[in-house]
Every structure is written in structure tokens, then in C-alpha cells.
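A.B. asks: Sharing a structure here in C-alpha cells format.
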Amino acid sequence: KQLSELPHPAGRIPVLGDVTSVDRHKPTQHETELTRELGPIFQRLLLGERLIVVGGAKLASQTLDERNWGRALVGPLAKLREVAGAGLFTAKTKDPLWGQARRILTPGFSQAAMRAYHDAMSSVAADLSAQWAKTPTVDVHQDMTAATLEVIGRAGFSQRMGLLGDTGQAVTGTEEFLGALGRALTWASESTNDLPVIGPIREMLSAPGRHRDVATARRYVETIIEDRQRAGDVDTTDLLGLMLSTPDPETGATLPLDNVRDQVLTFLAAGHETTAALMEVALYELAANPDVADDLAATELAGGPEFSYDEVVKLRRVKAFINECLRLWPPAPGFFRVARTDQDLGGYRIPAGRGVFVLSLAAQRDPEVWGDDAHTFRADRFVGERLTASSEKYFAPWGTGPRSCIGRQFALHETTLLLGALISRFRLQLADPAAALSMRERATLRPEPFTIVATPRR
Ligand code: HEM
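To convert, note that position 108 of the sequence shown is 111 in my numbering; the numbers rise steadily by one, no gaps.
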């Protein structure tokens, strides 16, 4: 069948198309509802531009096959190039700097590197615990922003960010950086869902503010890099050290300084917003279901609150719990894939070069593969579950292929360690027991701020 025959939302208007079905503020949550109504693949036509959304697990799995499908730099990702330039996340795969940076940085995400980052990550868990012990009413959004930024700063750049614990030796300007970054993410997300006529006008009007924000963000990361160069301490193995001192094993070239700047900015953005989103979902579920946390504290985490590198690796139930958070609320709710050759998706012909939006948020809740309780949070769903590439259960919170998340092990070690430490030290409750989890979209899917109360266990 032809693409024009794909199901589409009700209320199509001549010329304009499916404009009434656009939700500028919660686009992927709305598309997930549309998947339930319209089926595993549907279209949305806006002024003649057709977006194809794939929300069924089986069809989504088909697009993960690298032989037939590749990655596309479109949507919010393309808009973020304005801020993150040729950093890993936003570089085109054919840009030689992408391969060069990926090769130089890969050792920075090895098992040996995680072992080396462990103490820096533990120091953040300790600072956060000390803060909660003093002030039990916790603004989760604020504290997870602080914790995840401190982790990437302390472990990745040997730099304190001034958001937690002793702020004496920290870089200044982190709050301004966060403000600028937040506005850039909001713009990238919202402008992607602008109508074709309104988009360029809004883009023009917001340009001066956006340029100011980009300049603020760049100045901040340049300070971090210059401080490190001035200290003469570049010949080390954290991420910044690798970028400043290591030649690419393939070409022998080191990264140009403006690319190092784009990479540092990318790691600060990609490394904190997504990880904070995951931590917030996890803390919400723990606070809403204290029995789950009590059970973990009494069993797997009984030896806490401090865990060595090897102990963190073995926290299987905490990791299963994290996977369930990533399944229901993937911080990256979807990504674009492009057909390398003509493809058949659910009986529709997708011509070579055509992009589709793969909606993980819907596919990871597809009852056809995840069962009738697909929409329910089940803390132990992943215990003993071994998902492989051939598994029909679509689960792709880290993306797929050569452009998948380089920070996956980093984020997993960090969140397992932080949750292990926090659960074993504190009993968590929602400050407002009736508070529902509400997700906002800013290129990532992240909970709206909420408050919990943390009571020491012993
Ligand atoms: C790429 C998710 C944490 C750095 C990606 C992609 C996804 C993702 C889905 C692929 C996007 C696409 O195909 O367009 C996540 C999630 C995280 C997380 C869910 C946490 C829960 C991190 C951390 C870092 C990081 C902690 C760095 C320390 C990156 C980078 C890329 C990437 C640099 C681009 C890789 C490339 O294209 O070569 N991430 N990420 N991420 N992530 Fe993560």
C-alpha cells in the first residue's frame, strides 16, 4: 500500500492537513495516544509534509536492523546543532570529526573507566545523602539536576559544578548555563512541532535570545577547558583529558579545540537531562510504592549505603527496576530512522531515503509483546529477562546502531549507585500522596517537578 493510505488522525482539513492533531507541548505523549487509536503505523500530514509514526513494537523492531535502516539527523536533534555543533550527538555520521571523536572517547566509557569514575560518583551520592539528612523535604527536580551534573562534571571533567556539597573549588556560572541550556532544549522541542508557516517566523523572532544563550553556554564550557589547560593537568584519562591529549588511533589527529568545546557541552547536556529524567521517574515510583523500596533495602541493599564498584555491578534487582523505568518513560521517547532501500513496514511501502519517527514511548508499552499489563509499572518485570537483538520485545531506550548512546554504561553505573545509596539510607514518601507523575517534553521526556520526604532508615 502507498503512504497516502496510512491511517491518520480524525479532523483533517484541506491544505492544512492534520493540524488539529498537533500537541506542541506534549508531542510524543499525544502520538502515543494516537498509536492506540490508529494502530502500529500512522501518518500526520501538515501542509503537504508527511510524518510517519511507528508506535507498534514489532514494526519498530524492524527499523532497528542496521542493514536496512540508518539514523537521520532531523527533528529536535537537527535544531540542537545550533548549540552543540559537531559534538557527538549532533554531528553527521559522515563528518570525519564524528568518527574521530567517537574513537578517542570510547576508552573513556570502558569498564576500566567506570571503575575509575566510581569514587567521583560515590562522592555525589554522599553529598546528596548529607543534604537530605539535613533537609528531608526534597525538590526532586532540583536535586537530580544537581546530582547528575555533578557526576558528569566530577567524573568526566574532574570539575566540581558548585551545585552540591563543598562549593569552594567549583566553576562559577552553572546556574546561568542551565538556564541557557533549558531554553535551547525547549526551543528545539517546540519548534519541531511548529506549523510550516509559523515556524520560520517564530525562529526569526527568537533568534537574538537564542544566540545569547548559545554564547552563554559556550563561554561556560570554555572556562572549564581553560581552567584545565591552565592547571597543566591534561594528560589524564577522564573524558576531558582524553580529548585534550589523545590522538585518534586511526588518523593520528587530535580534536580541534572548538570541537572539544562542542563535546564538553554535549556531555553536559546529553549526560544530565536524560539521566536526571530517569532518576526522577525512579524516585517517584519508589516514593509512591514504599514497599518496593523497603524490600530492596532489606535484601539486595542490606550491605549499604556504601557500595564498591564490584558491588554496584551486582545490584541486579536495582538494575531491573531501572529498566522498568526506562521502558515506561524512556527519556529519549523516540528517534528518526531512514530506509536505506525500499522497505515494507506493516504492508506499506517505505521508499529508500524516507524517514520514519520510531516512537519508543508507545512501542515499549505495546501489549502485543509486553502483555496486558504493559501500561503498569512492575518493579521486577526485568528480573531474569534477557533481551537480545532478536527478542520481539522492543526495548531501545539507548537508541540503536553506531549512533546509540555512548554514555549507557556511565548512566547505568551512576543511577544504580545513586539509587542503591539513597534507598538504603532513606525511606521515601510523596509529600502529596495524591501527586500523579506528569511528564513534560523538552526534547527529552522528564517529570514535572515534585516533592518527596526522605526519612533516615536507621
Ligand atoms: C546518544 C539515551 C545518558 C551521551 C543517545 C541516544 C539515546 C540516548 C537514545 C541516541 C539518540 C539518537 O539515535 O538520535 C540516553 C539515556 C540516558 C543517556 C536514556 C540516561 C538515562 C547519557 C550520558 C552520556 C550520554 C550519561 C554522557 C556521559 C550521549 C552521546 C550520544 C548519546 C554523546 C551521541 C552518540 C553518537 O551519536 O555518537 N543517548 N543517554 N548519554 N548519548 Fe545518551
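Glycine is no exception: its CB is placed at the ideal position from the N, C-alpha and C atoms. Predicted model, so just to flag it, every value in this text is computed and none were measured.
1) Rounded to a whole number of angstroms, what is the C-alpha to C-alpha distance between R163 and S125?
2) Please tell me whether, using a cut-off of 7 Å, the distance from the CB of E193 to the nearest non-hydrogen atom of the ligand SAH is below it.
3) Under the criterion of a Cβ to heavy atom distance below 7 Å, does I16 qualify as lining the ligand HEM?
4) Let me check you understand the geometry: is the CB of F453 closer than 7 Å to at least one non-hydrogen atom of the ligand HEM?
5) Here's the rule: buried if 16 or more other CB atoms are within 10 angstroms of the residue's CB, otherwise exposed. What is R186?
6) May I ask you to report which of helix, strand or coil DSSP gives G253?
7) Tell whether a beta-carbon distance below 8 Å holds between A285 and I227.
8) Is there contact here, the stretch 80-94 with the stretch 259-271, by at least three beta-carbon pairs under 8 Å?
9) Which residue's Cα is closest to the Cα of A60: A399, K82, D26?
10) Drop a sphere of 10 angstroms on the beta-carbon of E283, count the other beta-carbons inside from all chains shown, and report buried for 16 or more, exposed for fewer.
11) Tell me whether P336 counts as near the ligand HEM, meaning its Cβ is closer than 7 Å to at least one heavy atom of that ligand.
12) Contact between the stretch 420-436 and the stretch 294-301: three or more CB pairs below 8 Å?
13) Would you say the beta carbon of P30 comes nearer than 7 Å to a heavy atom of the ligand HEM?
14) Beta carbon of D6, beta carbon of R53: below 8 Å?
15) Using a threshold of 7 Å, is the CB atom of I107 nearer than that to any non-hydrogen atom of the ligand HEM?
16) Taking 8 Å as the cut-off, decide whether the C-beta atoms of V224 and L289 are in contact.
17) DSSP state of Q432, grouped into three classes?
18) Taking Y351 as part of the beta strand (DSSP E), name the residues at either end of that continuous run.
19) With a CB to CB cut of under 7 Å and the five nearest residues on each side skipped, what residues in its chain are close to W332?
20) Note down, in chain order, each residue of its chain lying with its Cβ closer than 6 Å to the Cβ of L188, except the 5 sequence neighbours on either side.
21) So within the stretch 19-46, which uninterrupted beta strand (DSSP E) runs reach at least 3 residues, ignoring any that extend past its ends?
22) Round the Cβ separation of T419 and L318 to the nearest angstrom and send it over; I've been treating them as touching at under 8 Å.
23) What do you reckon, is the C-beta of F270 under 7 Å from a heavy atom of the ligand HEM?
24) Thinking C-alpha only, which one of R47, Y287, F270 is nearest A480?
25) Assign H214 to one of two classes, buried (16 or more other C-beta atoms within 10 Å of its C-beta) or exposed (fewer than that).
26) Measure the C-alpha to C-alpha separation of D130 and R320 and round it to an integer number of angstroms.
27) For Q346, which residues does DSSP report across the bridge?
28) Go through its chain and collect everything with a Cβ distance to I204's Cβ below 8 Å, but skip five positions before and after it.
29) Let me check understanding here. Comparing Cα to Cα, which of S161, T93, L152 lies closest to Y120?
30) Any heavy atom of the ligand HEM within a distance shorter than 7 Å of the CB on W135?
31) Can you name the start and end residues of the alpha helix (DSSP H) that I227 belongs to?
32) Alpha carbon to alpha carbon, how far is L271 from L152?
33) Could you tell me which of P99, T31, A149 sits nearest to T257, measuring between CA atoms?
34) Report the partner residues of T454 according to the DSSP bridge assignment.
35) Do you know how far the Cα of F310 is from the Cα of A424?
36) Starting from the C-beta of E34, find all residues in its chain whose C-beta is less than 6 Å away, skip the five residues before and the five after it, and write them out in chain order.
C.D. replies: Reading off the structure:
1) 14 Å
2) For the structure depicted, the ligand SAH is absent and the ligand set comprises only the ligand HEM.
3) no
4) no
5) buried
6) What sits at residue 253 in the sequence shown is Glu, not Gly. If DSSP states are grouped into helix, strand and coil, E253 belongs with coil.
7) no
8) yes
9) A399
10) buried
11) no
12) yes
13) no
14) Correcting the residue type first, residue 6 is Leu in the shown sequence and not Asp. Contact flag set, yes.
15) no
16) no
17) strand
18) 351-353
19) V284, M442, L448
20) R445, A446
21) none
22) 5 Å
23) yes
24) In the structure as shown, the chain begins at 4 and stops at 461. Residue 480 is therefore absent and cannot be evaluated.
25) exposed
26) 24 Å
27) I353
28) none
29) S161
30) no
31) 201-234
32) 7 Å
33) P99
34) D142
35) 8 Å
36) V56, L362
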